[in-house]
Structures are given as structure tokens and as C-alpha cells.
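Chemist:
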Amino acid sequence: MSDRLFIFDTTLRDGEQVPGCQLNTVEKIQVAKALEQLGVDVIEAGFPISSPGDFHSVVEISKAVTWPTICALTRAVEKDIDCAAEALQYAKHKRIHTGIGTSDSHIKYKFDSTREEIIERAVAAVKYAKKFVEDVEFYAEDAGRTDNEYLARVVEAVIKAGATVVNIPDTTGYCLPDEYGNKIKYLMEHVDGIHKAVLSTHCHNDLGMATANTLQGVLNGARQVEVTVNGIGERAGNTSLEEIAMILKCHKGLDIDTHINTTKIVPISRLVSSLMNMPVQPNKAIVGRNAFAHSSGIHQDGVLKHVQTYEIINPKDVGVDDNAIVLTARSGRAALKYRLHVNGVEIEDEGKLDKIYKKFLILADKKKEVTDDDVLMLAGADMSESH
Ligand code: KIV
Ligand code: ZN
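0 is the number of the first residue of the sequence shown in numbering that gives the first Met the number 0; add one for each residue after it.
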């Protein structure tokens, strides 16, 4: 049987921290319901102590959503935990996500503290959260830059205190994939009681390695991944949900499954993009406008002969009707003939196709993209010339 990977979505917490992406409660409920339909296991709904609006959103999302666990973020501070527990009161399944910075720079500059004191504060926060909920996740902020031996001591202590999930964030997106994978491996091998909890990845994309790091974390034993729709999040963003879901779907040999209904991926990507007013870059993997568009002649010819030549994902698997054969100055006759066919014009005579293609190239050199109307016009002009 395949291993199960839990998908923890933080679009409404880490994602929503992006300037200009703030959502109101009604919009957050809309996203939370879409996440439920998508099949995520955990929705991080907010950071209740941060504002009355965020508190209210966590309350309302807790009422509106049934299946996923609703999670609320806190610092390792009692009043944060009280507030999170209150915000989660209506959730059918609830989790408090508490934590503290563990890297030497966080310990020194943020907390003016010591390694020992940080372990005490971490343990106290987990024990305090356990008074309210059974499911407590601990985050070791800046774990990516935390020395592995010390991190193992922190993880062991919080598991002993009752943490059910331990999050190992690469908060600054600094780690190399090997380094992050080895960190998870080290914890799996050196922490007593590691099997009593689930290790979670939480990677940021400052160096464009969030997905690679997350994957290495999973390959080395993490069984929860923290992700966002479209990879939105602080600075360069978080690991994108759609990339992890599709990597696991495409690489069946990894034998790791999620409960994601991948056909809902593009619809939720568009919903989040429009509600957050955050356009998706056209070449973004899986959900970008060009993710299934073929524009060069060689690729178009191949795809029209057999899709497997240049497609590793069936667009329908992510909720897109079909691939797109886009006409540009790099397109060939096969693509032109195909677009005419799609628009109801059959050109069997190669000489005729050649004539239209020559006119097409002259036009295509002047335009970035040739539309269906343009090619119909070229074909129409050719027909009337030959009558
Ligand atoms: O990046 C990070 O470290 C976080 C934690 C608060 C979980 O977002
Ligand atoms: Zn984060």
C-alpha cells in the first residue's frame, strides 16, 4: 500500500500575509470551501491573535468547513494560545500550531535568550496548548538554519510534551535540497519517539528551491507538507500545492499518495488569483496560462501526432479542458492546418496550405500571436482569390 502524505494548506495564513492579498471573511470562507473540495487535510485558517478580523475568520471557517482539520497559528505565548483555542471552538477537527525560533540568530537577536531557555519555552507552549486540543503542531522557526543536533533536542522535547506534528520550516528559503532532505533524515534517525509524531515540511521559495526541498523532505520521511495555492506567501512565496500534488501523481513510482482531487487544481488557482488580485505568471508550472500551450513548430507537430511527445500531464487531470496550439512565427504548417480544422476549415491540398502558410508567416512576424480570426481571414482571402 502507498504511503499517505498529509496536505496542510496555509494559503489563508502564510499566503494571506502577502501585501495586497488580504481577504475578508466571506472570501476566506469561499477559499476554505474550495480547499475542502480540493481534498486538503488541514487548513491553516489564520493567526487569531493578530487581529479581530483574523480571529473572526477562523471562527467562521471553523463553522463552514467539515472534513479538514482547522488549524490556528500562535507564538509560544499563553495569550496567543488562549485566543487560538477560542477561535477554534466550533471546528469539528482542530489543531493549534505553536512554535518559536530555534536558530542561533533567532535565539540571540529575536529573543535575547539561550538554547536551553528556548527548549523550556517550546515545551511549555506545547503543554499549554494540549490543555485545549489533542492535536498540537509545533514549529521550529528557522529550522533550515538551525544546527541539526540542537534541532533534534528541540524536536524530541516537544514530542515528549505531546506534539502530534513537528514542523521543520526553512523560513528563509536558504537550504539546498540535499541539506533539507538530510535534516529530515537526521531527525528521523536521531530523535527518540519520532514515530509518535508526524514531521512536516514548510519551505519558502527565496532561492526557487521550495518544491525541491519539500520533495527531499518527503523522500526522507516527512509525511505532512505545508503548501499554498499558486505558491503564494511571504517574499518569494511558499511551496506550491499544485506542484507537489502533480509530482506525486506523475511519479507513481514514489508510491506516495495524497487525497487531492487534482481536477480542482486549476479552478482553485483561478479563484485564489482573482480574490487575492495576484496574477499567476504565465509559465508557472501546472497552473500558468502557458502550462499546456505549445507554440513552436517542432513541438506542435509532435503533439498533433501524439500528445505524449511533449506532454507529461493530461490537462484534464488538473481541470483544464485541453492543451492549446498557439500560433506564432515559430509555428509550422501542421499547427496552422490544425487551427483551421478546429475552426471548421479543412485544407487537404498541400499547395493551398503552403500559400496560406506563407501569408501567415508574414503576418506572424508582425504580431506576437496570430489569432483564429487572423487565420480564418487568411484562409478566406485565399479561397476568394482562387474563385
Ligand atoms: O516560515 C515559517 O517559519 C512560518 C512559521 C510561522 C510556521 O511560517
Ligand atoms: Zn512560512
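Ideal Cβ positions, reconstructed from N, Cα and C, are used throughout, including at glycine.
Whole angstroms are fine: how far does the CA of Ala-290 sit from the CA of Ser-102?
Modeler: Along the sequence shown, one-based indexing puts residue 102 at 103. Along the sequence shown, one-based indexing puts residue 290 at 291. Using only the alpha carbons, I get a separation of about 38 Å.
Chemist: Helix, strand or coil for Leu-198 per DSSP?
Modeler: Position 199 of the sequence shown, counted from the start, is the residue given in the question as residue 198. Looking at Leu-198 - three-state DSSP - the assignment turns out to be strand.
Chemist: Using the rule of at least 16 other Cβ atoms within 10 Å of the residue's Cβ for burial, across every protein chain shown, is Asp-146 buried or exposed?
Modeler: Position 147 of the sequence shown, counted from the start, is the residue given in the question as residue 146. Exposed, since its Cβ has fewer than 16 Cβ neighbours within 10 Å.
Chemist: So does the stretch 233 to 249 actually touch the stretch 304 to 317, counting three or more Cβ pairs closer than 8 Å?
Modeler: Judged by pairs of C-beta atoms under 8 Å, the stretch 233 to 249 touches the stretch 304 to 317, as three or more such pairs exist.
Chemist: Assuming Asp-37 contacts Ile-297 under a Cβ cut-off of 8 Å, what Cβ separation, rounded to an integer in Å, is found between them?
Modeler: For this step, residue 37 is matched to residue 38 along the sequence shown. For this step, residue 297 is matched to residue 298 along the sequence shown. It should be noted that the sequence gives Leu, not Asp, for residue 37. No, Leu-37 and Ile-297 are not in contact; Cβ-Cβ is about 35 Å, not under 8 Å.
Chemist: Using DSSP's beta-bridge definition, name the partner residues of Phe-5.
Modeler: One-based indexing of the sequence shown puts residue 5 at position 6. Per DSSP, Gln-223.
Chemist: What whole-angstrom Cβ distance do Ala-151 and His-189 have, given they're in contact under 8 Å?
Modeler: Mapped onto the sequence shown, residue 151 falls at position 152. Mapped onto the sequence shown, residue 189 falls at position 190. About 5 Å; that satisfies the 8 Å criterion.
Chemist: Check whether the Cβ atoms of Cys-70 and Glu-43 sit closer than 9 Å, and answer yes or no.
Modeler: The residue you call residue 70 lines up with position 71 of the sequence shown. The residue you call residue 43 lines up with position 44 of the sequence shown. Less than 9 Å divides the Cβ of Cys-70 from the Cβ of Glu-43.
Chemist: I'd like the ranges of any alpha helix (DSSP H) spanning at least 4 consecutive residues and lying wholly in the stretch 76 to 128.
Modeler: Along the stretch 76 to 128, the alpha helix (DSSP H) occurs as fully enclosed runs of 4 or more residues at 77 to 86, listed in sequence order.
Chemist: Ordered along the chain, which non-local residues of its own chain (more than five positions away) have a Cβ less than 7 Å from that of Ile-183?
Modeler: For the purposes of this step, residue 183 is taken as residue 184 along the sequence shown, with counting starting at 1. Contacts found: Ile-167, Leu-198, Gly-216, Asn-219, Gly-220, Ala-221.
Chemist: Please determine whether the Cβ atom of Gly-343 lies at a distance below 8 Å from any heavy atom of ligand 1.
Modeler: On the sequence shown, residue 343 is found 344 positions in, with the first residue counted as 1. When distances are taken from the beta-carbon of Gly-343 to the heavy atoms of ligand 1, even the shortest one reaches 8 Å or more.
Chemist: How about Ile-231 and Met-187: do their beta carbons lie closer than 9 Å?
Modeler: Walking along the sequence shown from the start, residue 231 turns up at place 232. Walking along the sequence shown from the start, residue 187 turns up at place 188. No, these two residues do not count as a Cβ contact at 9 Å.
Chemist: Taking all protein chains shown into account, decide if Arg-12 is buried (16 or more other Cβ within 10 angstroms of its Cβ) or exposed.
Modeler: What you label residue 12 is simply residue 13 of the sequence shown in a count that begins at 1. By the neighbour-count definition (other C-beta atoms within 10 Å, threshold 16), Arg-12 is a buried residue.
Chemist: Helix, strand or coil for His-55 per DSSP?
Modeler: For the purposes of this step, residue 55 is identified with residue 56 of the sequence shown, where counting begins at 1. In this structure, His-55 counts as helix in the three-state DSSP scheme.
Chemist: Count the other CB atoms within 10 Å of the CB of Leu-360; is the residue buried (16 or more) or exposed (fewer)?
Modeler: For the purposes of this step, residue 360 is taken as residue 361 along the sequence shown, with counting starting at 1. Leu-360 is exposed by the Cβ-count criterion.
Chemist: Ligand 2 and Gly-232: does the residue's C-beta get closer than 8 Å to at least one heavy atom of that ligand?
Modeler: As a first step, residue 232 is located in the sequence shown; it is residue number 233 there, counting from the start. True, at least one ligand heavy atom lies under 8 Å from that Cβ.
Chemist: Reducing DSSP to helix, strand and coil, say where Glu-136 ends up.
Modeler: The sequence position of residue 136 within the sequence shown is 137, counting from 1. Strand, per DSSP.
Chemist: Considering just the uninterrupted stretch of the beta strand (DSSP E) at Ile-69, what are its terminal residues?
Modeler: Sequence index remark: in the sequence shown, residue 69 carries index 70 (1-based). Start and end: 68 to 72.
Chemist: Give me the Cβ distance between Thr-261 and Thr-10, rounded to the nearest whole Å; I'm assuming they're in contact under 8 Å.
Modeler: Here residue 261 refers to the residue found at position 262 of the sequence shown. Here residue 10 refers to the residue found at position 11 of the sequence shown. The Cβ separation is near 17 Å, so there is no contact.
Chemist: Taking 8 Å as the cut-off, is the beta-carbon of Asn-322 closer than that to any non-hydrogen atom of ligand 2?
Modeler: Your numbering for residue 322 matches position 323 in the sequence shown. Every heavy atom of ligand 2 is 8 Å or more from the Cβ of Asn-322, so no.
Chemist: How big is the Cα-Cα spacing for Glu-390 and His-96?
Modeler: The structure shown does not extend to residue 390, since the chain spans only 0 to 386, so no value can be given for it.
Chemist: Could you tell me if Glu-347 is buried or exposed, where buried requires 16 or more neighbouring beta carbons within 10 angstroms of its beta carbon?
Modeler: Working through the sequence shown from its first residue, we reach residue 347 at position 348. With fewer than 16 Cβ atoms within 10 Å of its Cβ, Glu-347 is classed as exposed.
Chemist: Compute the minimum distance between the beta carbon of Asp-13 and the heavy atoms of ligand 1, and state whether it is under 8 Å.
Modeler: Counting from 1 along the sequence shown, the entry for residue 13 is found at position 14. Asp-13: yes, Cβ under 8 Å from ligand 1.
Chemist: Which ranges would you report for the alpha helix (DSSP H) in the stretch 7 to 53 if only whole runs of at least 4 residues count?
Modeler: The stretch 7 to 53 contains these whole alpha helix (DSSP H) runs: 24 to 37.
Chemist: Using the three-state DSSP reduction, which class does His-203 fall into: helix, strand or coil?
Modeler: To locate residue 203, count along the sequence shown from 1; it is residue 204. Correct three-state label for His-203: strand.
Chemist: Which residue wins for smallest C-alpha separation from Tyr-164, given the options Ser-49, Glu-119, Lys-93?
Modeler: Counting from one through the sequence shown, the residue named residue 164 turns up at place 165. The sequence shown places Val at residue 164, not Tyr. Closest by alpha carbon: Lys-93.
Chemist: Are the beta-carbon atoms belonging to Gly-98 and Ala-75 less than 9 Å from one another?
Modeler: Position 99 of the sequence shown, counted from the start, is the residue given in the question as residue 98. Position 76 of the sequence shown, counted from the start, is the residue given in the question as residue 75. Ala-75 is positioned such that its CB atom lies closer than 9 Å to that of Gly-98.
Chemist: How many angstroms separate the CA atom of Leu-210 from the CA atom of Thr-370?
Modeler: Here the question's residue 210 lines up with position 211 in the sequence shown. Here the question's residue 370 lines up with position 371 in the sequence shown. According to the sequence as given, residue 210 is Thr; it is not Leu. The alpha-carbon atoms of Thr-210 and Thr-370 are separated by roughly 35 Å.
Chemist: Could you give the DSSP three-state label for Ala-290: helix, strand or coil?
Modeler: Taking the sequence shown and counting its residues from 1, one reaches residue 290 at position 291. Coil at Ala-290, not helix or strand.
Chemist: Would the C-beta of Gly-98 count as close to ligand 1, meaning under 8 Å from any of its heavy atoms?
Modeler: If you number the sequence shown from 1, residue 98 lands on position 99. At a cut-off of 8 Å, the beta-carbon of Gly-98 counts as near ligand 1: some heavy atom of the ligand is closer than that.
Chemist: Between which two residues does the alpha helix (DSSP H) containing Val-153 stretch?
Modeler: As a first step, residue 153 is located in the sequence shown; it is residue number 154 there, counting from the start. Note, Val-153: alpha helix (DSSP H), 147 to 159.
Chemist: So does the stretch 55 to 66 actually touch the stretch 24 to 33, counting three or more Cβ pairs closer than 8 Å?
Modeler: yes
Chemist: Could you tell me whether any Cβ in chain C is nearer than 9 Å to the Cβ of Tyr-309?
Modeler: No chain C is present in this structure, which holds just one protein chain.
Chemist: On the CB-based measure, 16 or more other CB atoms within 10 Å of its CB, does Ala-160 come out buried or exposed?
Modeler: To locate residue 160, count along the sequence shown from 1; it is residue 161. Classification of Ala-160: buried, given that the 10 Å Cβ count is 16 or more.
Chemist: Taking the alpha-carbon positions, what's the Glu-225 to Tyr-179 distance?
Modeler: Numbered from 1 along the sequence shown, position 226 holds the residue referred to as residue 225. Numbered from 1 along the sequence shown, position 180 holds the residue referred to as residue 179. Cα to Cα, the separation comes out at about 14 Å.
Chemist: Take the Cβ of Ile-6 as the centre, count every other Cβ of all protein chains shown within 10 Å, and call the residue buried at 16 or more, exposed below.
Modeler: Counted from its first residue, the sequence shown places residue 6 at position 7. Here Ile-6 is buried, its C-beta having at least 16 other C-beta atoms within 10 Å.
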